[in-house]
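Residue numbers (our numbering), protein chains in the order written: chain A, 517 to 649; chain B, 581 to 712.
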Amino acid sequence: MQIPTEIETLCASFGELLSQYKAVQEYQNAQRRLQADAEAQQLLNAFIQTHQLLTAKQRQGKHISEEEVLDYNQMRFNVQTHALVSERDAALADVRSLFVNLGVEISMLLGIDFPNLAALGNTQQPVEKGETK
Amino acid sequence: MAFKQMQEDTKTAEDLKVKAQALAQLLRDAQPYREFMDAHRSMQVDETFQSLSQQIEALQAQAEAQKDNQKELIRQMDALINQLESLPVVRHYYESEGVLCGFLAELDRIISREAGIPFSINARRTRCSCNS
Chain A
517 MQIPTEIETL CASFGELLSQ YKAVQEYQNA QRRLQADAEA QQLLNAFIQT HQLLTAKQRQ
577 GKHISEEEVL DYNQMRFNVQ THALVSERDA ALADVRSLFV NLGVEISMLL GIDFPNLAAL
637 GNTQQPVEKG ETK
Chain B
581 MAFKQMQEDT KTAEDLKVKA QALAQLLRDA QPYREFMDAH RSMQVDETFQ SLSQQIEALQ
641 AQAEAQKDNQ KELIRQMDAL INQLESLPVV RHYYESEGVL CGFLAELDRI ISREAGIPFS
701 INARRTRCSC NS
């Protein structure tokens, strides 16, 4: 879709300004630290794989054993309590707080839910969790 | 040093708010937004749409009150919803919504690319814990 130049320029400068915000920079640094940590990556990948496996089983109506549930909960706990994951998630919470306020600001002036409508039209995958420029 | 950083953050936050407002102002004149708002207005004032909406609401209230007759009421409601969704004004509304969503998604891609982090998906007020 053709985007009017004026809007494109404003979106780009809005994004650029976001990238300069401290919370965004802290999130990106936390994300980089997390990505550089082999142990944390292994933990995350194993958790994602298990999550996908169990979700697929559930969709197919297959039985999920108690042991699988316990293992899954343990893995989730290990991921959530990993120092680098916690750090990244805390930084992301700050970013979201800022983004939500800005989304509300835009939505209020337009009378539509900008973030939800954009997300509906967007094929990009949800966060997981931050690509860098 | 900490105070200076705080001042800078406050300034950036204020700048961001101003930019967000400017973007909204500009979007008000964008064709996909105007067409969507027109379609919404046309749908709201359409007499058949209003009548069907009222009938659906009435059936919904009945279904909540009459638990023993719910199946039949839901069947009637589904038939009315189908009628409502096939109205030209409603179809036009959905089409214009689709175009608007695509347009906003394009803008979101530009913002996110420059920000280095997806914007809209993180700006949603309600999120599922699975991140969807």
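Even for Gly, the Cβ is constructed at its ideal location relative to N, Cα and C.
Item to complete: For my contact list, A539/A and A607/A are in at a C-beta cut-off of 8 Å; report their separation, rounded to the angstrom.
Response: 7 Å
Discussion item. Given this structure, state the Cα-to-Cα distance separating N561/A from M623/B, to the nearest angstrom.
Written reply: 47 Å
Discussion item. Suppose the cutoff is 7 Å on Cβ atoms and the five residues either side in sequence are ignored; what does the same chain contact list for T521/A look like?
Written reply: none
Discussion item. Since E524/A and I697/B should fall inside the 8 Å C-beta cutoff, what is the C-beta to C-beta distance between them, to a whole number of angstroms?
Written reply: Not really, about 19 Å apart at Cβ, beyond 8 Å.
Fill in: Residue span of the alpha helix (DSSP H) that contains M517/A, given as start and end
Note, M517/A: premise wrong, no alpha helix (DSSP H); not H, not E.
Item to complete: In the DSSP assignment, find the unbroken alpha helix (DSSP H) run with D605/A in it and report its ends.
Response: A599 to L626
Item to complete: Tell me, to the nearest whole angstrom, how far the beta carbon of Q551/A is from that of Q557/A; I am working on the premise that it is less than 8 Å.
Response: 7 Å
Worksheet entry | Residue interval of the alpha helix (DSSP H) (run including P631/A) | F630 to G637
Worksheet item: Can you give the beta carbon distance from L632/B to Q663/B, rounded, assuming they're within the 8 Å contact cut?
Response: 6 Å
Practice prompt. Express the C-alpha separation of V616/A and Y613/B in angstroms, rounding to a whole number.
Written response: 21 Å
Discussion item. Suppose contacts are defined by Cβ-Cβ distances below 9 Å. Is P486/A in contact with A703/B by that definition?
Written reply: Outside the shown range of chain A (517 to 649) lies residue 486/A, about which nothing can therefore be said.
Worksheet item: Do I628/A and L687/B have their C-beta atoms closer together than 9 Å?
Response: no
Worksheet item: Is R667/B helix, strand or coil when you go by DSSP?
Response: The question names Arg, but residue 667/B in the sequence shown is Leu. Reduced to three states, the DSSP call for L667/B is coil.
Worksheet item: When burial is assigned at 16 or more other CB atoms within 10 Å of the CB, is I622/A buried or exposed?
Response: buried
Practice prompt. Measure from the C-beta of E694/B to each C-beta in chain A and report whether the shortest distance is under 9 Å.
Written response: yes
Worksheet item: Under 9 Å between C-beta atoms, does N617/A make it to chain B?
Response: yes
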